[in-house]
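Please read the structure below before turning to the comments.
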Amino acid sequence: MTQAFPLPKQHLSDKVEHFTESVIREMTRRAMQYGAINLAQGFPDFAAPAEIKKAAQDAIAADVNQYAITWGAKDLRNAIARQLKVWQGIEVDPEREVVVCCGSTEAMIATLLAICNKGDEVVVFEPFYENYGPDSILSGAKPRFVSLRPPQAPRGEWNFDEQELREAFQHHTKAIILNTPNNPTGKVFSRKELELIRDLCLEYNVLAITDEIYEHILYDGAEHISIASLDGMRDRTITINGLSKTYSVTGWRVGWAVAPSTVTNAIRKVHDFLTVGAPAPLQEAGAAALGLPPAYYKDLAEKYRARRDHLIPALEKAGFHCYLPRGAYYVMTDISGLGFNNDVEFATYLVQDIGIACVPGSSFYKHPKDGSQQVRFAFCKKPETLDEAAERLQKFRAHL
Ligand SMILES: Cc1ncc(COP(=O)(O)O)c(C=O)c1O
Numbered sequence: 065m066t067q068a069f070p071l072p073k074q075h076l077s078d079k080v081e082h083f084t085e086s087v088i089r090e091m092t093r094r095a096m097q098y099g100a101i102n103l104a105q106g107f108p109d110f111a112a113p114a115e116i117k118k119a120a121q122d123a124i125a126a127d128v129n130q131y132a133i134t135w136g137a138k139d140l141r142n143a144i145a146r147q148l149k150v151w152q153g154i155e156v157d158p159e160r161e162v163v164v165c166c167g168s169t170e171a172m173i174a175t176l177l178a179i180c181n182k183g184d185e186v187v188v189f190e191p192f193y194e195n196y197g198p199d200s201i202l203s204g205a206k207p208r209f210v211s212l213r214p215p216q217a218p219r220g221e222w223n224f225d226e227q228e229l230r231e232a233f234q235h236h237t238k239a240i241i242l243n244t245p246n247n248p249t250g251k252v253f254s255r256k257e258l259e260l261i262r263d264l265c266l267e268y269n270v271l272a273i274t275d276e277i278y279e280h281i282l283y284d285g286a287e288h289i290s291i292a293s294l295d296g297m298r299d300r301t302i303t304i305n306g307l308s309k310t311y312s313v314t315g316w317r318v319g320w321a322v323a324p325s326t327v328t329n330a331i332r333k334v335h336d337f338l339t340v341g342a343p344a345p346l347q348e349a350g351a352a353a354l355g356l357p358p359a360y361y362k363d364l365a366e367k368y369r370a371r372r373d374h375l376i377p378a379l380e381k382a383g384f385h386c387y388l389p390r391g392a393y394y395v396m397t398d399i400s401g402l403g404f405n406n407d408v409e410f411a412t413y414l415v416q417d418i419g420i421a422c423v424p425g426s427s428f429y430k431h432p433k434d435g436s437q438q439v440r441f442a443f444c445k446k447p448e449t450l451d452e453a454a455e456r457l458q459k460f461r462a463h464l
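Throughout the sequence shown, residue numbering follows this note's numbering, covering 65 to 464 in sequence.
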């Protein structure tokens, strides 16, 4: 047996020094360790649609078991192009402008690797989905954060300052990463906000990378607008999406990037050498998923609204201040009234003593102190799971 020895740091890439492991995935491991309800990581605990599971089984039985075309199975690329036309009025050439990846996670990092050079900057709204920081760093770019400020009014919107955003565009800026509907805030960017971002992209010759993975999870009449559909943006936007959230199949790892052909070619090259391709039978099932009727999406959003309106009153009763989400399936909360020193202490107590895992707010900010009085809960769970969480929250209230 070889002797284990500590490897000196010079064997490692400097890049990995600049970020930590995912806090969200760590909270899932802790939820498993303590038998807690996992309201940390955003994956459903209910079944995926029967039709698409059958389509996956049929594809495996039909021996669609070898590598797909590296940039994606034709049926799926056609379905992606068709859906963008139907939902957003965007015309896309599936032969030249689509890359299917291993989840939108790979689509995002492949995009950044394809467009960024050392010294480039990428504008990111903060709080941010935690992958964007490491993704930028791994691609050699520097993230520059712009604050989304919590609403002041009880049911208000998260907002950004126009001047702060404009200033952020002036530093070797290559791209802005947008995420709408937004994780973790639940913000859905309005047309007016997107037009402002569009104007800055045009003025400073910047690309938009838009993560639209929650596009169909919308509440209270909120409308999802793809920035690529705005005048002038078709040819400077990379639109990222995937099967994970819309079809409740986060473990399938199928996502995509849609971009003008020059950018698509670059992303295809990176993707080919990163992963060769996404799972072939699940791409076929993905084409079937994208063919589900409009009623499917209406039902999806309505069921998520019911889950949101199930969890939030339970949190409020337990003393949390909740920021009402307009989209996606998370609720950001303010814990400053609960008597804990910070979010990590709070999340540790909640998972160990109460049996609920949440995500410490600091993992969504560059400076941990900015999120030290916030935690995020995911409500992509069965009613029974949310009932059990509500009961445990009562226990928490009693302990305070
Ligand atoms: C904003 C956002 N983008 C991307 C992902 C990951 O998506 P995928 O499963 O397609 O890699 C998540 C998952 O939580 C997310 O919240």
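Where a beta carbon is used, it is the ideal one built from N, C-alpha and C, also for glycine.
In this text the structure is predicted, and so the values were computed from the model without any measurement.
Rounded straight-line distance, which links the Cα of residue j to that of residue i
i	j	result
Lys118	Ala112	10 Å
Asn329	Asn181	17 Å
Asp373	Glu267	41 Å
Trp151	Phe224	27 Å
Glu185	Ala178	14 Å
Ser293	Ala171	20 Å
Tyr361	His280	6 Å
Arg160	Ala120	26 Å
Leu140	Asn405	49 Å
Ala365	Ser312	12 Å
Gly435	Glu85	17 Å
Glu380	Ala462	14 Å
Glu81	Leu338	21 Å
Pro447	Lys367	10 Å
Leu282	His288	8 Å
Pro70	Asn195	28 Å
Lys73	Ala370	50 Å
Arg230	Lys256	15 Å
Leu264	Phe233	7 Å
Residue i - containing beta strand (DSSP E), residue span
i	result
Cys386	His385 to Tyr387
Asn305	Thr301 to Gly306
Glu185	Glu185 to Glu190
Cys265	Segment Arg255 to Tyr268 is the alpha helix (DSSP H) holding Cys265; no beta strand (DSSP E) there.
Asp275	Leu271 to Asp275
Ile116	Looking at the DSSP string, Ile116 is not in any beta strand (DSSP E); the run it does join, the alpha helix (DSSP H), is Ala114 to Ala125.
Arg440	Gln438 to Ala442
Range covered by the alpha helix (DSSP H) that runs through residue i
i	result
Arg208	Element bounds for Arg208: not the alpha helix (DSSP H) but the beta strand (DSSP E), Lys206 to Ser211.
Leu346	Ala344 to Ala353
His329	First, the amino acid is wrong: residue 329 is Asn here, not His. From DSSP, the alpha helix (DSSP H) with Asn329 extends over Ser325 to Thr339.
Thr237	No alpha helix (DSSP H) contains Thr237, which is instead part of the beta strand (DSSP E) from Thr237 to Asn243.
Chain-order list of residues whose beta-carbon lies under 7 Å from that of residue i (same chain, five-residue window excluded)
i	result
Ile6	This structure gives no information on residue 6, because the portion of the chain shown stretches from 65 to 464.
Arg317	Cys166, Gly167, Ala342 and Pro343
Beta-carbon contacts of residue i that lie in its chain and below 6 Å, excluding the five residues immediately before and after
i	result
Tyr278	Pro245, Lys309, Gly391 and Ala392
His335	Val163, Cys165 and Ala174
Cut-off 8 Å between Cβ atoms - residues of its own chain near residue i, not counting five sequence neighbours on either side
i	result
Lys238	Ile179, Cys180, Asn181, Asp184, Glu185, Val186, Ala205, Val270 and Leu271
Ile201	Lys79, His82, Phe83 and Pro207
Gly197	Phe83, Val188, Pro207 and Lys430
Next item on the list: Taking 8 Å as the threshold, find out whether the stretch 330–349 comes into contact with the stretch 159–171 through three or more Cβ pairs.
Entry: At 8 Å Cβ cutoff, the stretches touch.
Notebook entry, point to check: What runs of the alpha helix (DSSP H), each 4 residues or longer, lie entirely inside the stretch 366–408?
Noted result: Runs of the alpha helix (DSSP H) inside the stretch 366–408: none found.
Checklist line | Stretch pair the stretch 419–429 + the stretch 189–206: three plus CB contacts closer than 8 Å | finding: At 8 Å Cβ cutoff, the stretches touch.
Notebook entry, point to check: Taking three-plus beta-carbon pairs below 8 Å as touching, is the stretch 210–222 in contact with the stretch 379–399?
Noted result: Put simply, the stretch 210–222 touches the stretch 379–399. At least three CB pairs are less than 8 Å apart.
Next item on the list: Specify whether the stretch 98–105 and the stretch 320–338 touch according to this definition: at least 3 beta carbon pairs, one from each stretch, less than 8 Å apart.
Entry: With the cut-off at 8 Å, the stretch 98–105 and the stretch 320–338 do not touch.
Margin query: Any contact between the stretch 352–366 and the stretch 210–217? By contact I mean 3 or more CB pairs, one from each, below 8 Å.
Written below: Counting C-beta pairs with one atom in each stretch, the stretch 352–366 and the stretch 210–217 have fewer than three that are closer than 8 Å, which means they do not touch.
Check: Are the stretch 435–452 and the stretch 397–409 in contact at 8 Å, needing three or more beta carbon pairs?
Finding: For the pair of segments examined, the stretch 435–452 was found to touch the stretch 397–409: the number of CB pairs separated by less than 8 Å reaches three.
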